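Novice:
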Amino acid sequence: MLWYILVGLLSLLAGVALGFFIARKYMMNYMKKNPPINEKMLRVMMMQMGQNPSQKKINQMMKQMQNQQDK
Numbered sequence: 001m002l003w004y005i006l007v008g009l010l011s012l013l014a015g016v017a018l019g020f021f022i023a024r025k026y027m028m029n030y031m032k033k034n035p036p037i038n039e040k041m042l043r044v045m046m047m048q049m050g051q052n053p054s055q056k057k058i059n060q061m062m063k064q065m066q067n068q069q070d071k
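Under UniProt numbering, the letters of the sequence shown match residues 1 to 71, in that order.
Structure representation (structure tokens):
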């Protein structure tokens with residue numbers, strides 16, 4: 001009976017560890033393929049929309065996006 005509990009517990013720990021590393025690898029690949037928006041990308045998007053962005057406006061939008069991610 002103790003043997004079954006020990007095997008189950010070890011299997012659970014191995015599954016958690018394996019799941020962590022698989023999820024970590026997946027997220028690293030996802031972030032590499034889809035990087036978060038930076039100031040240069042934001043500037044290009046605003047120029048494509050016909051706006052002439054100032055550095056102050058870029059900083060405000062970056063701060064708004066950062067606040068939105070924190071929530």
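From the three backbone atoms N, C-alpha and C, an ideal C-beta is built for every residue, glycine too. Quantities reported herein were computed from a predicted structural model and do not represent experimental measurements.
Helix, strand or coil for MET41 per DSSP?
Specialist: Reading the sequence shown from its first residue, position 41 is the one you call residue 41. Note: MET41 maps to helix in three-state DSSP.
Novice: If you pair each beta-carbon of the stretch 59-69 with each one of the stretch 31-51, do three or more pairs fall below 8 Å?
Specialist: The answer is yes - the stretch 31-51 touches the stretch 59-69, with three or more Cβ pairs under 8 Å.
Novice: Give the secondary structure of SER11 by DSSP, where H, G and I count as helix, E and B as strand, and everything else as coil.
Specialist: The residue you call residue 11 lines up with position 11 of the sequence shown. Of the three classes helix, strand and coil, the one that applies to SER11 here is helix, per DSSP.
Novice: For the alpha helix (DSSP H) containing GLN60, name the first residue and the last one.
Specialist: Against the sequence shown, residue 60 aligns to sequence position 60. Taken as a continuous stretch (DSSP letters only), the alpha helix (DSSP H) holding GLN60 covers 55-70.
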